[in-house]
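Structure, as structure tokens:
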Amino acid sequence: GQQLNQSPQSMFIQEGEDVSMNCTSSSIFNTWLWYKQDPGEGPVLLIALYKAGELTSNGRLTAQFGITRKDSFLNISASIPSDVGIYFCAGRPSNTGNQFYFGTGTSLTVIP
Amino acid sequence: NAGVTQTPKFQVLKTGQSMTLQCAQDMNHNSMYWYRQDPGMGLRLIYYSASEGTTDKGEVPNGYNVSRLNKREFSLRLESAAPSQTSVYFCASSEYGGRVREQYFGPGTRLTVT
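Structure follows, in structure tokens:
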């Protein structure tokens with residue numbers, strides 16, 4: 001299957017700091033999605049991206065669809081304690097119809 | 113509007129037992145999916161159904177079967193459970209085609225096979 005490399009694996013930051021994480025694929029994607037998962041819950045969709053270069057914000061979160069269509073980035077500005085959780089990227093390759101592939105997640109810890 | 117619902121929330125099985133995980137969505141989506149989530153492995157696709165009446169294997173289909181009962185419901189069956197199937201199972205749905213190609217997840221079923 002498709003390989004999605006998500007980094008970093010984990011982050012420990014001080015409240016108020018900005019956060020950046022990224023995801024790269026081995027093939028071209030036509031959709032990138034970013035999710036947040038709290039313990040014991042299902043992933044919740046944060047941002048969806050549909051074309052190369054697209055930059056989309058959702059409050060303090062901003063995500064970008066990379067120009068090469070093989071990567072995507074998520075930034076969180078001015079982190080707060082409730083940002084704690086695991087963030088997943090997911091992508092839909094151009095040639096596989098309706099399948100989505102997921103990164104292994106970035107675990108974020110915010111220290112008050 | 114409940115989104116995606118899953119039952120049960122928790123289940124413990126003995127090796128060799130069978131069970132069916134239920135999933136329903138009320139968003140009128142065409143596509144539905146079953147994933148499993150294991151520590152450090154992210155989410156891996158077991159089976160999906162692009163539309164009512166069709167099902168396809170994903171990345172890890174062995175040991176599972178699915179049924180797309182109607183547009184709303186998509187079930188996952190373990191015929192003979194094995195300890196390797198201990199995992200958290202998530203159902204998801206999305207619209208197929210058009211601009212809206214986002215997936216929405218249920219709360220998960222936590223399965224332990226002893």
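If you're matching them up, the sequences are chains A and B in order.
Heads up: the first sequence begins at 1 in the working numbering, then just goes up one per residue.
Heads up: the second sequence begins at 113 in the working numbering, then just goes up one per residue.
Think of the CB as a built atom: it goes at the ideal place given N, C-alpha and C, for glycine as much as any other residue.
{"Item": "Closer than 8 Å to chain A by CB, Leu125(B)", "Value": "no"}
{"Item": "Bridge partner(s) assigned by DSSP for Thr62(A)", "Value": "Ser57(A), Asn75(A)"}
{"Item": "Own chain partners of Leu4(A) with C-beta closer than 8 Å, once the 5 adjacent residues on each side are dropped", "Value": "Cys23, Thr24, Ser25, Cys89, Ala90, Gly91, Tyr101, Phe102, Gly103, Thr104"}
{"Item": "C-beta atoms of Val124(B) and Thr224(B) nearer than 8 Å", "Value": "yes"}
{"Item": "Asp38(A) and Gly85(A) closer than 8 Å at C-beta", "Value": "yes"}
{"Item": "Residue of Leu108(A), Leu46(A), Thr31(A) minimising C-alpha distance to Lys70(A)", "Value": "Thr31(A)"}
{"Item": "N- and C-terminal bounds of the beta strand (DSSP E) containing Thr106(A)", "Value": "106-111"}
{"Item": "Interface partners of Phe217(B) on chain A, CB under 7 Å", "Value": "Gly42, Pro43"}
{"Item": "Residue interval of the beta strand (DSSP E) (run including Arg156(B))", "Value": "154-161"}
{"Item": "Outcome for Arg148(B) when other beta-carbon atoms lying within 10 angstroms are tallied against a minimum of 16", "Value": "buried"}
{"Item": "Where Asn98(A) falls, given that 16 or more other Cβ within 10 Å makes a residue buried", "Value": "buried"}
{"Item": "Cβ-based neighbour list, Pro195(B), same chain, cut-off 8 Å, excluding 5 preceding and 5 following", "Value": "Thr127, Val225, Thr226"}
{"Item": "Status (buried if at least 16 other CB within 10 Å, exposed otherwise) for Lys36(A)", "Value": "buried"}
{"Item": "Cβ shell of Ser130(B) (< 8 Å), same chain only, five flanking positions each side left out", "Value": "Arg189, Leu190, Glu191, Ser192, Ala193"}
{"Item": "Proximal residues to Ser107(A) (C-beta, below 6 Å), its chain only, five neighbours per side dropped", "Value": "Ser10, Ile86"}
{"Item": "Where Met153(B) meets chain A, residues with beta-carbon distance less than 8 Å", "Value": "Thr104"}
{"Item": "Beta bridge counterpart(s) of Glu185(B) as assigned by DSSP", "Value": "Ala136(B)"}
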